[in-house]
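Student:
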Amino acid sequence: MGLGDPPLSVTHPTIEYMFKPNQDAIRFGNRFRTNSYGMRSEELPKSKNDSELRVLVFGDSVINGGNLTDQSDLATEIVKSEISQNKELTIANISAGS
């Protein structure tokens, strides 16, 4: 049918469920990727160098984008591409879907 792989969720003891970590799937033609924390963001090293500006974006399903939003169309990806020119910038989408 061409629907692709659905993003998987796992149970969580305090927030009921979250996206399964380390996914890279195509759903309805859109890329859906999660890091080792189950967040729709690139992998974040625990420490950063002094020249890096790191912004963590909290939110609900609007920021998360859901499985119908391509990874490149997430608000965090758009902001990162707009303001990261000539700067070492990490903008991480650490939102939760609902």
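Residue numbering for the sequence shown follows numbering that gives the first Met the number 0, starting at 0 and increasing by one per position. Every residue gets a Cβ at the ideal spot worked out from N, C-alpha and C, and that includes glycine.
Just verifying my parser: in three-state terms, what is the DSSP assignment at residue 87?
Tutor: Against the sequence shown, residue 87 aligns to sequence position 88. Of the three classes helix, strand and coil, the one that applies to residue 87 here is coil, per DSSP.
Student: For residue 50, which residues from the same chain have a beta carbon less than 7 Å from its beta carbon, with the 5 sequence-adjacent residues on both sides left out?
Tutor: To locate residue 50, count along the sequence shown from 1; it is residue 51. 87, listed in sequence order.
Student: Quick one: any contact between the region 51-68 and the region 25-34, if contact means 3 or more CB pairs under 8 Å?
Tutor: Contact between the region 51-68 and the region 25-34 is present, because at least three Cβ pairs lie under 8 Å.
Student: Here's a check: name, in chain order, each residue in its chain whose Cβ is nearer than 8 Å to the Cβ of residue 27, leaving out the five neighbours to either side.
Tutor: For this step, residue 27 is matched to residue 28 along the sequence shown. So the qualifying residues of the chain are 2, 3, 66, 67.
Student: Would you decide whether residue 75 is buried or exposed? Buried here means 16 or more other CB atoms lie within 10 Å of its CB.
Tutor: Your numbering for residue 75 matches position 76 in the sequence shown. When all chains shown are included, residue 75 counts as buried.
Student: Using the Cα positions of residue 61 and residue 93, report the straight-line distance between them to the nearest angstrom.
Tutor: The residue given as residue 61 occupies position 62 in the sequence shown. The residue given as residue 93 occupies position 94 in the sequence shown. Looking at the two C-alpha atoms, the distance is approximately 12 Å.
Student: Quick check: the Cα distance between residue 80 and residue 13, rounded to an integer number of angstroms?
Tutor: Here residue 80 refers to the residue found at position 81 of the sequence shown. Here residue 13 refers to the residue found at position 14 of the sequence shown. Approximately 33 Å, taken between the alpha carbons.
Student: Helix, strand or coil, according to DSSP, for residue 23 in the structure here?
Tutor: By one-based count along the sequence shown, residue 23 stands at place 24. In this structure, residue 23 counts as strand in the three-state DSSP scheme.
Student: On the three-state DSSP scale, how would you describe residue 63?
Tutor: By 1-based counting over the sequence shown, the position of residue 63 is 64. Note: residue 63 maps to helix in three-state DSSP.
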